[in-house]
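Colleague: Quick note on numbering: the sequence shown equals residues 71 to 456 in our numbering.
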Amino acid sequence: MGELGAAIIDAARRRRPKLVEMLAEITAIDAPSGDREALAAPAALLSSWLEELGARTRTRSTPAGPLIDATYREGDDAPVLVLCHLDTVWPLGTAAERPFRVEGEVARGPGVLDMRGGIVACLGALATLGELDLRPRPVRLLITPDEETGSEASREEIVAAARAAALVLVPEPALADGSLKTARKGWLLLRLRAHGVAAHAGLEPERGASAVDELVAALTTLQGLRDEEGDTTVNVGLLDSANPANVVAELATATIDLRFTEAAGERAARGALAALAARDPRARLEVTELHSRPPLMRTEASAAAAARVRRLARDLGIAAIGEGAAGGVSDANLAALAGVPILDGIGPVGGGAHARDEWVELGSLVERSALIALLLADDQDETEAR
Ligand SMILES: [Zn+2]
71 MGELGAAIID AARRRRPKLV EMLAEITAID APSGDREALA APAALLSSWL
121 EELGARTRTR STPAGPLIDA TYREGDDAPV LVLCHLDTVW PLGTAAERPF
171 RVEGEVARGP GVLDMRGGIV ACLGALATLG ELDLRPRPVR LLITPDEETG
221 SEASREEIVA AARAAALVLV PEPALADGSL KTARKGWLLL RLRAHGVAAH
271 AGLEPERGAS AVDELVAALT TLQGLRDEEG DTTVNVGLLD SANPANVVAE
321 LATATIDLRF TEAAGERAAR GALAALAARD PRARLEVTEL HSRPPLMRTE
371 ASAAAAARVR RLARDLGIAA IGEGAAGGVS DANLAALAGV PILDGIGPVG
421 GGAHARDEWV ELGSLVERSA LIALLLADDQ DETEAR
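1) Is any non-hydrogen atom of ligand 1 found closer than 7 Å to the C-beta of Asp203, if you look at the structure I gave you?
2) With distances taken between CB atoms, is the gap from Leu457 to Ala375 smaller than 8 Å?
3) Is it the case that the stretch 389 to 402 contacts the stretch 125 to 133, given that we only count it when at least three CB pairs across the two stretches are under 8 Å?
4) Under 7 Å: does the beta carbon of Glu107 sit that close to some heavy atom of ligand 1?
5) Going by CA-CA distance only, name the one from Ser280, Glu226, Arg329, Ala287 that's closest to Thr303.
6) What residue range is occupied by the uninterrupted alpha helix (DSSP H) comprising Val190?
7) So Ala113 and Pro136 are supposed to be a Cβ contact under 8 Å. How far apart are they, rounded?
8) Could you give the residue range of the beta strand (DSSP E) that holds Trp429?
9) In chain order, what are the residue ranges of uninterrupted beta strand (DSSP E) at least 3 long that sit wholly in the stretch 347 to 394?
10) On a CA-only basis, which of Asn313, Ala371, Gly272, Trp429 is nearest Ala246? Give me that one, please.
11) Could you tell me whether the stretch 255 to 273 touches the stretch 428 to 442, using the rule of 3 or more Cβ pairs below 8 Å?
12) According to DSSP, simplified to helix, strand and coil, what is Asp80?
13) Identify every residue that forms a DSSP beta bridge with Ser318.
14) Work out the CA separation of Arg210 and Thr44 for me, nearest whole Å.
15) Should Asp448 go down as buried or exposed, given a rule of 16 or more other Cβ atoms within 10 Å for buried?
16) Val436 to Asp327, Cα distance in whole Å?
17) Given this structure, state the Cα-to-Cα distance separating Gly398 from Trp257, to the nearest angstrom.
18) Please classify Ser15 as buried or exposed, where buried requires at least 16 other C-beta atoms within 10 Å of its C-beta.
19) Using the rule of at least 16 other Cβ atoms within 10 Å of the residue's Cβ for burial, across every protein chain shown, is Ser221 buried or exposed?
20) Could you have a look at Val410 and say whether DSSP puts it in helix, strand or coil?
21) Tell me the residue span of the beta strand (DSSP E) that contains Leu252.
22) Excluding the 5 residues preceding and the 5 following Pro170 in the sequence, name in chain order all residues of the same chain whose CB lies nearer than 8 Å to its CB.
23) Can you tell me whether DSSP reads Ala264 as helix, strand or coil?
24) Taking 7 Å as the cut-off, does the CB of Glu167 come closer than this to any heavy atom belonging to ligand 1?
25) Where do the ends of the beta strand (DSSP E) carrying Asn305 lie?
26) Distance, Cα to Cα, Arg254 vs Arg363?
27) Taking only heavy atoms of ligand 1 into account, decide whether any of them is closer than 7 Å to the Cβ of Glu242.
28) Which partner residues of Val209 appear in the DSSP bridge assignment?
29) Can you list, in chain order, the residues of its chain with a C-beta nearer than 6 Å to that of Asp80? Leave out the 5 residues immediately preceding and following it.
30) Compute the minimum distance between the beta carbon of Met92 and the heavy atoms of ligand 1, and state whether it is under 7 Å.
31) Along the chain, where does the alpha helix (DSSP H) that runs through Ser131 open and close?
32) Please return the same chain residues whose Cβ sits closer than 8 Å to the Cβ of Asp310, not counting the five positions on each side in sequence.
33) Alpha carbon to alpha carbon, how far is Glu454 from Arg233?
34) Within 7 Å: the Cβ of Glu226 and any heavy atom of ligand 1?
35) Below 8 Å between beta carbons: does that hold for Val240 and Ala402?
36) For ligand 1, any of its heavy atoms closer than 7 Å to the Cβ of Glu428?
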């Protein structure tokens, strides 16, 4: 265990009751994505905590709600960007219905893992740095209002902030064994609509051009993007024609979820979408992109950052921290557009994200808080590996 590591883990352990109290306080406030009115209260609480820690905060109003932009210790060096989201997947009333509670070594409540625990770990890290009088490189925190619904209102700000950063930390939950997430699949959510020509299915079907037939053919083509390794997946969700069977369909719609581990998979998917065409000249296909995020690929620089975390975990005397891949997306996928090293899943360990039994391990909350503090205090970075 290193000397600095020992001081930091001790301070974080002493801070545990305070961390739990903060987690209780923030979890008591509902934060449904995109609800501008409801998000004002948790945003105000986080801003006040940040200001108490000595950060300079600015809250910008976006169509999805408040976006907090905070700077801790200004300076000329490129900052470490901490990407947090304020929102949870839970509707108004959930905090009252399923209040925060501690059961032994775990805490439960809406958003307690995703990502209230992660935010509290980061704020605890800044408090520890202050307490020990450690001066890290500048830290910038973006706390966004709409991660759970696709980050449309925050996307540009996230990418721009990542471009200016030396390292991006995303305190989303860790993998179940505590590993960081250095790779995530990219995502394309689409609506595919076929426009045909209606006709009587019995009397004169030749006058019609079936939108359903066109849609089925197009979906079959897209299913061809799947590969055995599961690097690219294609899932068809809602299928809708609302058409009586005795009418050749005029309109048919499907929603499609495409995921890919590599940028090449995204290029192939986009190529296939651009090449889609109706077989019948009287019909046409219309593709609408509802959401997209590029894949988070494990780069040399993020692998170097993950290696640094392994070393810092040893310095803290805590269990080893590995790295792995996750299927879901996060704002790390957007930050990936900037090409800087990214450590996602640096938040605490727990389970049941987006589920009613969501929980966070309190020991992990403390350890992650110490890890983030040491990572910020450690003056190495991965810039040379870029
Ligand atoms: Zn999250």
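Using N, Cα and C, we set each Cβ at its ideal position, and we do this for glycine too.
Modeller: The answer reads as follows:
1) Working through the sequence shown from its first residue, we reach residue 203 at position 133. The answer is no for Asp203.
2) Absent from the model: residue 457. The displayed extent of the chain is 71 to 456, so no value can be given.
3) Result no; under three Cβ-Cβ pairs closer than 8 Å.
4) Start at 1 with the first residue of the sequence shown, and residue 107 comes out as number 37. No, since every heavy atom of ligand 1 falls outside the 7 Å radius drawn around the Cβ of Glu107.
5) Position 233 of the sequence shown holds residue 303. Its Cα nearest to that of Thr303, the residue Arg329 stands out among Ser280, Glu226, Arg329, Ala287.
6) Counting from 1 along the sequence shown, the entry for residue 190 is found at position 120. Where Val190 is concerned, the enclosing alpha helix (DSSP H) stretches over 188 to 201.
7) Within the sequence shown, residue 113 is the residue found at index 43, counting from 1. Within the sequence shown, residue 136 is the residue found at index 66, counting from 1. Sure, about 4 Å apart at Cβ, within 8 Å.
8) Taking the sequence shown and counting its residues from 1, one reaches residue 429 at position 359. Segment 429 to 431, the beta strand (DSSP E) holding Trp429.
9) Runs found: 354 to 363.
10) Taking the first residue of the sequence shown as position 1, residue 246 is located at position 176. The residue with the shortest Cα to Cα distance from Ala246 is Trp429.
11) Note that the stretch 255 to 273 does not touch the stretch 428 to 442; fewer than 3 beta-carbon pairs, one per stretch, sit closer than 8 Å.
12) Numbered from 1 along the sequence shown, position 10 holds the residue referred to as residue 80. DSSP places Asp80 in helix when its eight states are reduced to three.
13) Start at 1 with the first residue of the sequence shown, and residue 318 comes out as number 248. Sequence inspection shows Val at residue 318; the Ser mentioned does not correspond to that position. DSSP lists Ala269 as partners of Val318.
14) Because residue 44 is not part of the residues shown, which for the chain are 71 to 456, the question remains open.
15) Taking the first residue of the sequence shown as 1, we reach residue 448 at position 378. Buried, since its Cβ has 16 or more Cβ neighbours within 10 Å.
16) For the purposes of this step, residue 436 is identified with residue 366 of the sequence shown, where counting begins at 1. For the purposes of this step, residue 327 is identified with residue 257 of the sequence shown, where counting begins at 1. Near 37 Å, if we compare the C-alpha coordinates of Asp327 and Val436.
17) By one-based count along the sequence shown, residue 398 stands at place 328. By one-based count along the sequence shown, residue 257 stands at place 187. Spanning the two alpha carbons is a distance of roughly 9 Å.
18) Since the displayed the chain opens at 71 and closes at 456, residue 15 lies outside it and no answer follows.
19) As a working mapping, residue 221 is identified with position 151 in the sequence shown. Classification of Ser221: buried, given that the 10 Å Cβ count is 16 or more.
20) Numbered from 1 along the sequence shown, position 340 holds the residue referred to as residue 410. DSSP places Val410 in coil when its eight states are reduced to three.
21) Taking the sequence shown and counting its residues from 1, the one referred to as residue 252 is at position 182. The amino acid at residue 252 is misidentified as Leu; the sequence shows Thr. Counting along the chain, the unbroken beta strand (DSSP E) around Thr252 starts and ends at 250 to 254.
22) Your numbering for residue 170 matches position 100 in the sequence shown. According to the sequence as given, residue 170 is Phe; it is not Pro. Excluding sequence neighbours, Phe170 sits near Leu93, Ala94, Thr97, Ala98, Ala177, Arg178, Gly179, Val182.
23) As a position in the sequence shown, residue 264 is number 194, starting the count at 1. In the structure shown, Ala264 adopts extended strand secondary structure according to DSSP, grouped into three states.
24) Taking the first residue of the sequence shown as 1, we reach residue 167 at position 97. No, Cβ of Glu167 sits at least 7 Å from all heavy atoms of ligand 1.
25) Here residue 305 refers to the residue found at position 235 when the sequence shown is read from its first residue. 302 to 310 is the span of the beta strand (DSSP E), which, as asked, contains Asn305.
26) Here residue 254 is taken as the residue at index 184 of the sequence shown, counted from 1. Here residue 363 is taken as the residue at index 293 of the sequence shown, counted from 1. So the two alpha carbons sit approximately 10 Å from each other.
27) Translated into positions along the sequence shown, residue 242 becomes position 172. A distance criterion of 7 Å places the beta-carbon of Glu242 in contact range of ligand 1, judged by its closest non-hydrogen atom.
28) Looking up residue 209 in the sequence shown gives position 139. Beta-bridge pairing links Val209 to Tyr142, Val150.
29) Reading the sequence shown from its first residue, position 10 is the one you call residue 80. Within the same chain, Asp80 has no close Cβ partners at all.
30) Numbered from 1 along the sequence shown, position 22 holds the residue referred to as residue 92. No.
31) Residue mapping note: residue 131 aligns to position 61 of the sequence shown, counting from 1. Unbroken run through Ser131 is the beta strand (DSSP E), 126 to 132; no alpha helix (DSSP H).
32) Against the sequence shown, residue 310 aligns to sequence position 240. Cβ neighbours of Asp310 beyond the five flanking positions: Ala322, Thr323, Ala324.
33) Looking up residue 454 in the sequence shown gives position 384. Looking up residue 233 in the sequence shown gives position 163. Bear in mind that a pLDDT of 46 at Glu454, under 50, signals an unreliable position, so the model cannot answer this.
34) Translated into positions along the sequence shown, residue 226 becomes position 156. Checking the Cβ of Glu226 against ligand 1 gives no.
35) The residue given as residue 240 occupies position 170 in the sequence shown. The residue given as residue 402 occupies position 332 in the sequence shown. The answer is yes: Cβ separation under 8 Å.
36) Position 358 of the sequence shown holds residue 428. Using a cutoff of 7 Å, the CB of Glu428 does not count as near ligand 1, since none of the ligand's heavy atoms is closer than that.
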